[in-house]
Each structure stands twice: as C-alpha cells, then as structure tokens.
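So the sequence lines, in the order shown, correspond to chains P and Y. Each residue of the first sequence is one higher than the last, beginning at 2 in the numbering used here. Each residue of the second sequence is one higher than the last, beginning at 86 in the numbering used here. One structure is given below, encoded as structure tokens.
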Amino acid sequence: MKPPVITPEIVQAILPFVILALGATAITMTGIWKSKRGALLSLIVLLISAWKLGPLVEGGPTITWAGAIVADRLSMLLSAVLVCSGLLTVLIARPVLRRENNDRPEFYGLLLFSLSGMLLIVSTTNLLVIFLALELLSLPLYILCGYNREDARGGEAALKYFLLGSFSSAIFLYGTALLFGATGTIDLAAMVEGDRLLSITGALLVLSGFLFKVGAVPFHMWAPDVYDGAPTPVTSFMATSVKVACFGVLLRLFALAGEAGGPFALLMRGENMGNVLWWIAVLTMTVGNISALTQSNIKRMLAFSSIAHAGYIFLGLIPGSGSVDVRGVLYYLIAYVFMTTGAFAVVAALSSRDRGREVTGVERYAGLGFRRPYLGLAMTVFMISLAGIPPTAGFFGKYLLFSSALDRGLTPLVVIAVLNSALSVYYYLRPVVVFYMRDTDRPVQVDDSITLKLAVFIGVVCVLWGGFAPDLGSLPGVPTILGWVEASAAALP
Amino acid sequence: MTPESSLLWIVLLPLIGATVNGLIALVAAANDRPVPRTLSAVIACAGPTIAFLLAVGVFRQLQGMDEESRVLVNEVYRWIEAGRLQINFTLLADPLSSVMLLVVTGIGGLIHYYSIGYMREDQSHTRYFSYLNLFLFFMLVLVLGDSLITLFVGWEGVGLCSYLLIGFWFQDSEKAVAGMKAFVVNRIGDFGFLLGMLLVVATLSQSGLPTLEIREIAHRIGEFPPGVIEAVGLLLFVGAIGKSAQIPLYIWLPDAMAGPTPVSALIHAATMVTAGVYMIARMGFLYELAPLASGAVLLVGAATAFFAATIGVAQHDIKKVLAYSTVSQLGYMMIGVGIGAYAAGIFHLFTHAFFKACLFLGAGSVIHALHHEQDIRNMGGLLKKMPLTGWTFLVSTAAIAGFPPLSGFFSKDEILWLTFNGTNEALPWAPKLAWGLGTAAALLTAFYMFRLFFTVFTGNPRAKAEHAHESPPFFTVPLIILAAGAALTGLLGIPAVLGGSNKFEHWLAPVFAGAHGAGHGAEHGSAHSAGLEMGLMALAVAIAVAGTLLAYFFYVKRRDIPENFAIKHPALYALVRDKYYVDEIFYAVIIFPLVLFSRKVLWRIVDMKIVDGMVNLVGYLSRGTSYVVRFAETGQVQTYGVMVLAAVAVILWKVL
Chain P
2 MKPPVITPEI VQAILPFVIL ALGATAITMT GIWKSKRGAL LSLIVLLISA WKLGPLVEGG
62 PTITWAGAIV ADRLSMLLSA VLVCSGLLTV LIARPVLRRE NNDRPEFYGL LLFSLSGMLL
122 IVSTTNLLVI FLALELLSLP LYILCGYNRE DARGGEAALK YFLLGSFSSA IFLYGTALLF
182 GATGTIDLAA MVEGDRLLSI TGALLVLSGF LFKVGAVPFH MWAPDVYDGA PTPVTSFMAT
242 SVKVACFGVL LRLFALAGEA GGPFALLMRG ENMGNVLWWI AVLTMTVGNI SALTQSNIKR
302 MLAFSSIAHA GYIFLGLIPG SGSVDVRGVL YYLIAYVFMT TGAFAVVAAL SSRDRGREVT
362 GVERYAGLGF RRPYLGLAMT VFMISLAGIP PTAGFFGKYL LFSSALDRGL TPLVVIAVLN
422 SALSVYYYLR PVVVFYMRDT DRPVQVDDSI TLKLAVFIGV VCVLWGGFAP DLGSLPGVPT
482 ILGWVEASAA ALP
Chain Y
86 MTPESSLLWI VLLPLIGATV NGLIALVAAA NDRPVPRTLS AVIACAGPTI AFLLAVGVFR
146 QLQGMDEESR VLVNEVYRWI EAGRLQINFT LLADPLSSVM LLVVTGIGGL IHYYSIGYMR
206 EDQSHTRYFS YLNLFLFFML VLVLGDSLIT LFVGWEGVGL CSYLLIGFWF QDSEKAVAGM
266 KAFVVNRIGD FGFLLGMLLV VATLSQSGLP TLEIREIAHR IGEFPPGVIE AVGLLLFVGA
326 IGKSAQIPLY IWLPDAMAGP TPVSALIHAA TMVTAGVYMI ARMGFLYELA PLASGAVLLV
386 GAATAFFAAT IGVAQHDIKK VLAYSTVSQL GYMMIGVGIG AYAAGIFHLF THAFFKACLF
446 LGAGSVIHAL HHEQDIRNMG GLLKKMPLTG WTFLVSTAAI AGFPPLSGFF SKDEILWLTF
506 NGTNEALPWA PKLAWGLGTA AALLTAFYMF RLFFTVFTGN PRAKAEHAHE SPPFFTVPLI
566 ILAAGAALTG LLGIPAVLGG SNKFEHWLAP VFAGAHGAGH GAEHGSAHSA GLEMGLMALA
626 VAIAVAGTLL AYFFYVKRRD IPENFAIKHP ALYALVRDKY YVDEIFYAVI IFPLVLFSRK
686 VLWRIVDMKI VDGMVNLVGY LSRGTSYVVR FAETGQVQTY GVMVLAAVAV ILWKVL
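In structure tokens, the structure reads:
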C-alpha cells in the first residue's frame with residue numbers, strides 16, 4: 002500500500018481547520034498576560050478561516066486523503082455553517098462576558114478548539130478520526146458549560162455533561178471496536194458487511210453515540226439540565242453547532258449506507274431500524290414540544306425546543322420508500338442555526354445575573370415590543386420562524402422536510418409532525434404575547450452592545466432571506482441557500 | 086379608445102376614485118386632519134362623469150351595429166381555472182346592459198353631484214365618497230359581467246357597499262343595526278343564488294365542460310332537464326327576493342333608510358335593488374322554460390306590490406313612505422319579468438329610476454331644509470317655500486301615480502296590460518290575480534303618494550316648516566334633470582295602440598329574442614284586443630285620478646276623517662302603521678328561537694362544553710404529559726445513564 006502523499010489540494014482543504022486549531026492555541030496563550038482581546042482575536046481567526054473556506058464551498062472535486070479527510074461540497078458547506086455559527090457565538094459572548102467581568106481569552110480559545118473539532122468531524126469517514134474529532138469538540142464544551150465558576154448550576158451542568166458524554170463516547174468507541182472486529186477496517190467507506198451480529202451491534206452503538214449528542218429521545222435527558230445550566234452563549238453554541246456537526250455525520254453515515262453498503266446498510270436494510278428511527282423521530286419531537294409547553298423560562302423553553310427540532314430533522318433521515326433527504330436536512334440545519342442563535346442573542350440581551358444565577362424568565366419581556374420595537378420585532382421573527390410560519394426560513398425548511406417525507410410515503414409521521422408544529426406555536430408565541438400585550442412598570446434592562454445587535458441583525462436577515470428567496474424569485478447571480486444546499490446534496494452519492 | 090377598452094375603463098374609473106378617496110381618508114384619519122371638501126368631491130365625481138360619457142359612447146356604438154350582433158365583449162383576464170371549470174373575467178355590453186349602464190352612470194353621477202351639497206357638513210365626506218364610488222364599481226361589474234359568477238361578484242359587492250352606507254353613521258347604534266339587518270337578510274337570498282349557480286355547474290358538467298357564462302348557458306339550455314330548470318329558476322329567484330326586497334325578505338329595505346338620503350336614492354331605489362329584476366331578465370331564456378318559477382316570480386311580485394302599498398298608506402316618515410313605495414314598485418317589475426314581459430319589466434325599472442330618485446332627492450332636499458326632520462306631520466306648506474323641490478316632487482309623484490303622459494303611466498300600464506293578456510302554463514289563474522293585485526296597488530299608490538305630497542307641500546306650515554328655504558343648486562339641478570326624465574322617458578315606450586313604436590322594447594328585442602313570452606304575443610295583438618287595451622288604459626287613468634282625488638279629499642279638505650278613522654279603528658290602524666307586525670313575527674318565529682338556540686345550546690353546550698372541552702382536554706393532556714415527562718427529569722446522572730443504557734439495549738433487541 003502506497004503511503005499517502007500530502008498534496009497542495011489537501012493542505013488547502015484542511016487549512017480552515019488548521020487555522021482554527023492554531024488560532025485557538027494562540028488565543029489561549031494570550032491568557033498569560035491577561036489579555037482582554039480574546040473576542041477580537043477569535044473574530045479575526047474565524048474570518049481568516051471563513052476566507053480560506055469560501056472558495057471551497059463554491060465547489061471543486063472531492064478530495065480524500067487516505068480516508069482520514071474527505072473534503073467535498075457537503076463537508077465544506079457544513080464547515081461554512083459552523084464557522085458562521087462560531088462567529089455569531091463570539092458576537093453574543095463578548096458583551097455577556099464583559100457584563101459579568103469574566104472576559105478571559107480561554108473562553109474563545111476553547112470555543113475555537115471545539116469548532117475545529119466540528120470542522121474535522123464533518124470531513125472524514127474514518128471512525129477513529131471521528132472519535133478524535135468528537136472528543137476535540139466535546140472536551141472544550143464540558144469546560145465551557147462550567148465557565149462561570151460562581152454559578153453552581155453551571156458546574157453541575159458541566160459535570161453531568163462530562164459524565165454522560167464520556168459514557169456515550171465509550172458506547173461509540175465500543176461500537177467502533179466491534180465494527181473493526183467485524184470488517185477489519187475503520188474506514189466507513191471501505192467497510193464490507195461482516196458478521197451480522199457484530200456488524201449490526203457495532204453500527205448501532207456508533208449510531209447511539211450520535212443520537213446522544215443530538216439529544217434524540219430517549220438519549221436526551223442530559224440536554225435540558227445542561228442547556229439550562231450553561232451560560233447563554235454556550236447554550237446557543239451547543240444547541241446549534243453541535244447539532245449541525247453531528248447531523249452532518251449522520252447524513253454521511255446514512256448516505257454511505259445507501260451507496261457503499263457495509264454495516265450501516267445491513268443495519269438499515271431490515272424493517273426494524275426504520276421503525277426504530279420512526280419512533281425516535283416521533284418521541285423526540287413530541288417530548289421536546291410537550292416539555293417546552295410548560296416552561297416559563299425562555300432559555301429552558303429553547304432547550305426543549307431544540308430537542309423538538311432534532312425530531313423534525315429525523316424526518317429527513319428516515320429513508321422510507323426512497324433515500325435520505327439530504328437537501329431537506331441541510332436546509333433545515335441552516336435555517337435552524339440562524340433562528341435559534343438569533344433567539345438566544347435576544348435572550349442574552351435581556352438576561353442578567355442574580356447572585357451568580359442567570360435570570361431568563363419570560364416576565365422580563367413585558368412591554369418590550371413597544372419600548373424596544375426593533376428587538377421585539379426581531380424576536381417575533383425568530384419565534385414565528387421556529388414555529389414554522391411563513392415567510393421565514395423555518396417555514397420553508399419544514400416545508401422541504403415534510404413534503405419530501407410525504408413523497409417517501411411517511412404520511413402518518415408527517416401528520417404527527419404537523420400536529421407537533423401546531424402545538425409548538427403555543428409556546429413560541431408566548432414571548433411575543435408578553436412582548437406586545439403585557440406592560441410593566443419595572444425599568445427594562447437591555448444590553449445595548451453593538452455586537453449583540455449585529456448578531457440579531459444577521460439572524461433576522463438570514464431567516465427572512467431563507468424564507469423569501471429559498472430558490473424562487475431571487476435575483477439572477479445572487480446565490481440562494483437552497484442552491485448551495487442542492488449542490489452539496491449532489492456531491493453525496 | 087376602442088369601445089371594448091372603454092368598457093374596462095367604465096368599470097375601473099369608479100374603482101380608482103374609491104381607492105384614491107379611501108387612501109386619502111385613511112391618511113387624513115391617521116394624521117387627524119380634515120380633507121379639503123373640494124378635493125374629495127372632484128375625485129369622486131370625475132369617475133362617474135367620465136364613465137357616463139363613455140357609456141354614451143358604448144350606446145352609440147351599439148346603435149351603429151346590426152340589430153342581431155349588438156354585442157361588445159372585453160375579455161379582461163382569465164380569473165379562475167379549477168379543474169375543468171374555467172372562468173374568464175369578461176365584460177359584455179348588449180342592449181340590455183347598455184340601458185343599465187346609462188341608468189347607473191347617469192343617475193349615479195347626478196346623485197354624486199347632489200351628495201356634494203348634501204354631505205357638505207359631514208365630517209367623513211371623503212369616506213362617504215369612497216364608498217359611493219366603490220358601489221358604482223360593483224354595480225357596473227354586476228351589470229357588465231358576462232357570467233353568473235362575475236355578476237355575483239358585483240351582487241355581493243353592492244351588498245357590501247349598501248351595508249357600509251346604511252351604517253354610515255355607525256356611531257348611532259340603531260343605524261349600525263339597520264346596516265347589519267340589510268346584510269344578514271341579503272345573505273339569505275345570496276345563499277339561494279349560490280345554490281342556483283352550483284346547480285348550473287353541476288348539471289352542465291355532466292354533459293360537458295361546466296361553465297357559468299350566461300351566453301354559453303343559453304346555448305346549452307337544452308342539456309338541462311325540465312325539473313332542474315325550475316329549480317335553478319327558483320333558487321336564483323331567492324337571490325332576487327333578497328336583493329330586490331320582495332316578500333318575505335323585503336323587511337331590510339325600510340330600515341335601510343337609516344343611511345344618508347342620496348344613498349337611499351341611488352342604492353335603495355334606482356339601482357341596487359333592481360339588480361334582482363335585471364338578473365331575471367338576463368336569465369330570461371331560462372325562466373321562459375320554467376313556468377313554475379316564472380309563476381312564483383309573478384305572484385310574489387304581485388303580492389309585494391299590493392302589500393307594500395297598503396303599508397305605505399299609514400307611514401309618517403317621509404323616507405319610509407318612499408321605501409314602501411319602492412318595495413311596491415319593485416313588485417311591479419317582478420310582475421313584468423314574471424309574466425315574461427322582460428322588456429316591460431326593464432322599462433319600468435328604467436322609468437322608476439328617474440322618478441324614484443327624484444322623489445328621494447326631493448325628500449332629501451326637504452329633510453335638509455328642515456334640519457333632519459323626517460316626520461311628515463311636522464311639515465306642510467312647503468310648495469311656496471321650496472318651489473323647485475315642490476314642483477319636481479309633484480311631477481315625479483304624478484309619474485309614479487300613473488298620470489299620462491308621464492313615464493310611470495306607460496311603463497306600469499305596459500306591465501299590467503301584458504299581465505292581463507299573459508298566460509302561465511303551470512298556474513293558469515296567476516296572471517289575472519296578479520293583474521287584479523297590481524291594479525289595486527295602483528289605486529293605493531296614487532293615494533299614498535298624493536297623501537305624501539299634500540301633507541308635505543300644501544296646507545299650513547307646521548313646526549320647523551315655517552323657516553324652510555329652497556335648497557342650493559347642488560340639490561335643485563339634479564332634481565330638475567331627474568324630473569325631466571320622469572316626465573319624458575315614457576315617450577320612449579309609447580305602445581303601438583297609441584300610435585307609438587315602443588322604441589325601448591324594440592331596442593331590447595335582440596336580447597330577449599329567445600324569449601317568446603307574453604310581451605311579443607300581445608304586442609302584435611289583433612284589432613279587438615286593441616279595444617281592450619284602450620279600455621284598460623282608461624281604467625288605469627281613472628284609478629290614478631281616483632286615488633289622487635281621495636287623497637285630496639282626506640288630506641286637504643277633510644283632514645279630520647283619517648284622524649277620526651285612526652281613533653275609531655285603533656286596531657286596524659295600528660296593524661297597518663306597524664307594518665302588519667311582520668318584523669315582530671320574524672323576530673318571534675325566526676330570530677328569537679335562533680338566538681335562544683344559539684345561547685342555550687350552541688353556546689352553553691356545543692361551544693362551552695364540547696368544543697371548549699375538547700380544546701381544554703388537549704391542553705390538560707399536554708400539560709399532564711408535560712408533568713410526567715418532567716418527573717422523569719430527576720437530575721440524577723445515574724438515572725440518565727441507566728436510561729441511555731436501557732435505550733440502547735431495547736433498540737438492539739428490536740433490531741436484531
């Protein structure tokens with residue numbers, strides 16, 4: 002076997018990841034002289050990474066390097082989304098940390114480390130590299146959850162996340178070992194169907210690791226506690242980026258199963274796994290929505306809502322009578338990132354700390370619709386997008402997922418999903434109602450920093466752009482989100 | 086401009102006026118600023134004026150064409166495409182719609198000018214003009230639409246505008262309620278109309294492509310079974326009963342007098358309420374083949390003509406008298422179209438538009454001069470104080486009473502003569518009965534109209550009438566024009582027996598060519614029927630004179646007789662004065678049980694118990710589940726770990 006050669010194309014393909022990893026190291030080191038420029042530096046690093054990533058998103062041949070790196074349009078689009086999400090997180094984090102006198106460079110360093118892990122995990126088919134990337138993205142997150150040391154709940158969240166995360170990593174690793182034993186390789190693309198019991202068990206355990214990470218029911222129980230306990234910018238990052246990265250891996254796994262065969266094909270072939278995924282989708286969206294129903298704390302509500310959205314995305318992963326709906330899942334992920342991050346930005350602008358504890362109750366929003374009309378309008382846009390009401394990206398994403406699922410013969414599932422969407426309108430509109438229909442005499446504290454406003458603005462623009470011009474009616478030459486998504490979907494087998 | 090495109094502009098101009106004035110009113114209301122009166126008046130009057138000139142152009146164009154091919158069509162756009170059903174938004178002008186076009190734009194325009202004076206002091210005159218223009222738009226769509234559904238768009242649109250204008254002074258809850266009553270009652274009729282349309286589509290789609298285009302239906306009328314034709318005719322007539330205020334749905338029209346008087350003149354006398362008559366005439370080819378439906382039209386029309394006239398005798402509100410007189414005259418038109426004399430029915434519609442608009446505008450002039458006094462017992466002697474209003478009112482009163490050679494004489498006599506001579510296959514006795522009722526109603530008409538005239542304009546001034554002055558030219562010029570119309574338009578329809586050529590009927594003949602009804606047979610009658618026709622004409626004149634003399638005797642010479650009569654027979658008097666308690670009967674039989682049922686059953690049980698119960702149940706279930714799920718969230722890492730392991734085990738067991 003010829004030793005793999007490092008070509009300039011490979012270097013170019015992994016450059017965005019390398020820049021993030023190196024930048025993260027450098028920023029962490031600036032902590033030595035108590036630098037306050039972490040946010041600025043990390044923005045620069047992220048922008049350089051995005052700059053290097055830009056041409057790759059537009060296309061080019063698929064580049065692989067010994068199965069360890071797979072750079073195709075899917076991985077590049079996901080990387081771009083992840084970098085965007087990272088940028089928004091930094092924009093949200095800076096004012097929050099400043100406000101709490103907690104602005105230290107290691108926060109941004111850890112964030113970038115985690116992000117580099119995500120970039121890596123979406124660009125590989127090698128199970129060991131996946132494991133490596135999984136740990137690279139998870140370990141900094143455990144720390145970030147407990148970043149605020151005065152907040153006991155943050156510490157609890159961090160410990161819980163760490164323990165259960167390690168547990169799921171172990172399950173994942175066990176699966177990897179079984180697959181290696183069954184097939185003699187750790188490259189998913191090269192795997193053949195080995196012994197049935199070993200293959201299926203291994204594949205299922207690998208799958209379970211990711212089901213845990215995306216918070217699918219019944220692997221979701223950590224999510225509300227952790228999302229609630231972590232600082233708001235971290236919650237936003239976990240609820241969006243981690244999901245994008247892990248759904249990206251799932252897409253690749255299922256797509257490969259459809260084409261190359263191997264243990265995952267074996268797993269998916271029977272009726273039963275389809276049924277299991279069906280139930281996971283139903284349970285995930287239903288439990289997420291019903292739990293969100295009674296929350297009066299917006300952050301917790303958004304945590305449960307992120308579980309529900311994972312359930313909708315599962316609609317696209319069930320093959321039904323066709324194949325996996327790559328287009329719908331990708332579009333939904335992008336829409337989801339912008340609407341959720343935007344909503345968290347508004348939450349961050351309105352939250353405060355009371356004896357170390359973050360206060361994010363819905364009653365803080367009373368009367369804001371008229372006192373802060375732009376902020377109120379932005380939150381309304383995010384909420385109707387999350388609820389899936391036109392003319393927003395959230396609506397169009399649901400439309401793509403649901404209509405494609407109907408084509409694949411999943412009618413009962415779509416009915417349940419639509420009922421769930423209807424249910425979700427109730428709790429998504431509650432902040433809006435409080436915004437516009439209730440008033441209070443209390444002085445309103447709103448964080449007015451420019452970066453938060455920028456994050457909210459970007460969120461609104463993207464949500465409306467995705468809703469108004471998904472593919473129709475856009476100007477010629479202006480790229481559309483759906484155009485990118487379709488090009489990426491075409492790159493997959 | 087081609088005649089076809091001028092059809093489109095006739096429709097669009099009032100719409101543009103309505104939109105512009107509406108926007109101005111909105112902006113002004115938002116900024117709390119008054120709109121210059123001249124501005125909104127000029128915008129409002131420009132549309133109908135230009136539309137009238139264009140309508141005259143269209144009329145001239147049609148006149149220049151061959152008699153058989155007098156049709157102008159403008160296919161504006163394809164409106165609906167639903168499966169096999171395809172509907173174009175098409176405007177069509179033929180002799181019938183050109184007559185309506187002239188009435189709507191001409192009289193509509195005059196009333197716009199009149200409104201400038203009448204609404205001068207009103208705060209919301211811009212809103213008023215916007216509604217009035219919008220009404221013209223919908224009325225023109227109704228008249229020019231070439232399919233039942235386009236006609237229905239106009240039909241519903243004028244209903245909406247009528248509602249808006251009746252309740253124009255909505256601060257007064259009574260007036261708002263009157264608007265609502267008009268709307269609700271009309272909805273009942275519209276329901277029949279809709280069913281009729283659906284039946285047409287359903288029937289035609291069995292034998293070919295469904296269509297609602299009226300000319301197409303006429304071509305394919307052979308595809309309808311006879312029973313279906315009767316059903317369609319009856320259902321469409323239900324719509325006409327609502328819109329044209331026939332028994333039993335006439336009850337909204339008297340209440341509609343709550344609106345501004347020019348609105349009563351335009352919508353509730355001259356144009357909108359005649360839409361039912363127009364529609365039946367349009368569908369004449371269908372009613373020709375439906376003797377039962379035609380008989381129903383005939384009898385309902387006759388009953389309405391007589392019944393409403395009796396109520397008119399005992400009313401004291403000047404507008405209410407005119408309202409019942411309108412209901413009664415609409416009954417005459419229905420008699421005309423019911424017996425198959427479509428041209429005669431439309432002729433009466435045409436002449437009625439002039440004299441009734443003139444009467445309403447005259448009443449408006451009086452009401453304006455007396456500072457919103459409407460009770461005729463507080464008027465009197467106004468002829469000297471308001472000569473122009475008085476004399477034009479007298480001309481129109483004489484016209485409606487049927488004095489030759491004024492217009493009402495010719496049109497009413499034509500209807501009665503053709504009815505006397507007509508036949509109905511399904512109900513052979515109906516034409517003679519209708520003729521009897523119509524003739525009796527003619528006596529009553531002359532009586533109550535001259536009662537009105539004598540009480541208001543002669544004798545000694547009472548109450549505020551002392552200080553009345555003639556109204557300004559904005560009022561009187563339209564009055565003079567309309568009075569001239571009321572006097573002279575009858576000359577268009579002089580029957581052959583008097584040496585005329587009945588130009589009006591001749592003009593409409595191509596439209597009703599398919600309808601070989603009573604009208605044609607009678608027109609070419611033999612010599613001995615000419616003698617009979619002359620005899621009946623003489624009887625009609627005698628009746629008009631008798632009614633007038635009675636009114637003169639009771640209300641000028643011996644005022645004490647009617648007063649004593651009211652005292653001696655209080656029950657009878659009250660019965661008539663209170664309109665036979667029809668409103669009360671409606672309330673007791675329909676509204677009260679309905680409201681009771683809504684309150685006790687629909688609201689308390691269906692809504693509160695069943696619907697709310699179901700909604701609440703969903704809520705409780707969701708919340709309950711939510712608590713259960715929350716209970717599972719113990720916060721214990723050990724529990725979570727076990728859950729994950731159990732889940733993996735269960736899935737593995739399921740898959741393997």
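Just so it is clear, CB atoms sit at the ideal spot from N, CA and C, and this is done for glycine as well. Model, not experiment: these values are computed from the prediction.
Query, Result
"Could you check what DSSP says for Val-626/Y in three-state terms: helix, strand or coil?", "helix"
"Using beta carbons (cut-off 8 Å, strictly below), is Leu-473/P in contact with chain Y?", "Here Leu-473/P scores only 44 on pLDDT, less than 50, and its place in the model should not be relied on; the value that follows carries that caveat. Not closer than 8 Å to any Cβ of chain Y, the Cβ of Leu-473/P fails to qualify, so no."
"From Phe-174/Y to Leu-98/Y, what does the alpha carbon distance come to, in whole angstroms?", "17 Å"
"Apply the 10 Å Cβ neighbour rule to Thr-8/P and answer buried if 16 or more other Cβ atoms are within range, or exposed otherwise.", "exposed"
"Curious, which full-length alpha helix (DSSP H) runs of at least 4 residues does the segment 191-241 of chain P contain?", "197-215, 223-230 and 233-238"
"Between Leu-455/Y, Ala-366/Y, Gly-523/Y and Phe-439/Y, which lies nearest to Ala-393/Y when the distance is taken from Cα to Cα?", "Gly-523/Y"
"Can a CB atom of chain Y be found closer than 8 Å to the CB of Ser-209/P?", "yes"
"How should Trp-66/P be labelled, buried or exposed, when 16 other C-beta atoms within 10 angstroms of its C-beta is the threshold for buried?", "buried"
"Compute the Euclidean distance between the alpha carbons of Leu-318/P and Pro-310/Y, then round it to the nearest angstrom.", "57 Å"
"Can you tell me whether His-552/Y is buried or exposed? The criterion is at least 16 other CB atoms within 10 Å of its CB, across all chains shown.", "exposed"
"Measuring only the C-alpha atoms, how far is Val-158/Y from Ala-178/Y?", "6 Å"
"Under a Cβ-count criterion, where at least 16 other Cβ atoms within 10 Å of its own Cβ denotes burial, should Asp-226/P be classed as buried or exposed?", "buried"
"Along the alpha helix (DSSP H) that carries Leu-369/P, what are the first and last residues, could you check?", "369-372"
"Does Leu-737/Y have its Cβ less than 8 Å from a Cβ in chain P?", "yes"
"Under DSSP, the alpha helix (DSSP H) around Gln-171/Y begins and ends at which residues?", "No alpha helix (DSSP H) contains Gln-171/Y, which is instead part of the beta strand (DSSP E) from 170-178."
"Contact defined as beta carbons within less than 8 Å: I believe Ser-117/P pairs with Ala-72/P. What is the distance between those atoms, to the nearest angstrom?", "About 15 Å; that fails the 8 Å criterion."
"In whole angstroms, what separates the C-alpha of Asn-59/Y from that of Ala-360/Y?", "A question about residue 59/Y goes unanswered here, because the residues of chain Y that appear run from 86 up to 741."
"Quick one: any contact between the segment 352-361 of chain P and the segment 229-240 of chain P, if contact means 3 or more CB pairs under 8 Å?", "yes"
"Quick check: Leu-280/Y and Leu-250/Y, are their CB atoms within less than 8 Å of each other?", "no"
"For Tyr-742/Y, would you say it is in contact with chain P, using Cβ-to-Cβ distances shorter than 8 Å as the test?", "Not covered by the structure: residue 742/Y. The range shown for chain Y is 86 to 741."
"Below 8 Å between beta carbons: does that hold for Ala-344/P and Leu-376/P?", "no"
"Are there 16 or more other CB atoms within 10 angstroms of the CB of Met-471/Y, so buried, or fewer, so exposed?", "buried"
"Does the beta-carbon of Ile-352/Y have 16 or more other beta-carbons within 10 angstroms, so that it is buried, or is it exposed?", "buried"
"Does DSSP put Ile-335/P in a helix, in a strand, or in coil?", "helix"
"So is Phe-650/Y buried or exposed if we call it buried at 16+ other beta carbons inside 10 Å?", "exposed"
"Work out the CA separation of Cys-463/P and Thr-104/Y for me, nearest whole Å.", "36 Å"
"Starting from Glu-260/P and walking both ways along the beta strand (DSSP E), at which residues does that stretch end?", "Element bounds for Glu-260/P: not the beta strand (DSSP E) but the alpha helix (DSSP H), 244-260."
"Does the segment 559-570 of chain Y touch the segment 399-411 of chain Y, meaning 3 or more C-beta pairs lie closer than 8 Å?", "no"
"Measuring only between beta-carbons, confirm whether Val-722/Y sits less than 8 Å from chain P.", "yes"
"What are the boundary residues of the beta strand (DSSP E) that Thr-65/P is part of?", "64-66"
"For the ligand HEM, any of its heavy atoms closer than 7 Å to the Cβ of Ile-420/Y?", "Because no ligand of any kind appears in the structure shown, any question about the ligand HEM cannot be addressed here."
"Between which two residues does the beta strand (DSSP E) containing Trp-738/Y stretch?", "Careful: Trp-738/Y lies outside any beta strand (DSSP E), inside the alpha helix (DSSP H) at 722-740."
"Check this for me: beta carbons of Thr-441/P and Ala-367/P, under 8 Å apart or not?", "yes"
"State the Cα-Cα distance for the pair Leu-634/Y and Ala-366/Y, rounded to the nearest angstrom.", "36 Å"
"In chain order, what residues of the same chain have a beta carbon less than 8 Å from the beta carbon of Pro-17/P, not counting five sequence neighbours either side?", "Ser-50, Ala-51, Lys-53, Leu-54, Leu-57, Ser-80, Val-84 and Leu-120"
"Please name the residue, chosen from Leu-254/P, Leu-21/P and Arg-365/P, that lies closest to Leu-138/P on a Cα-to-Cα basis.", "Leu-21/P"
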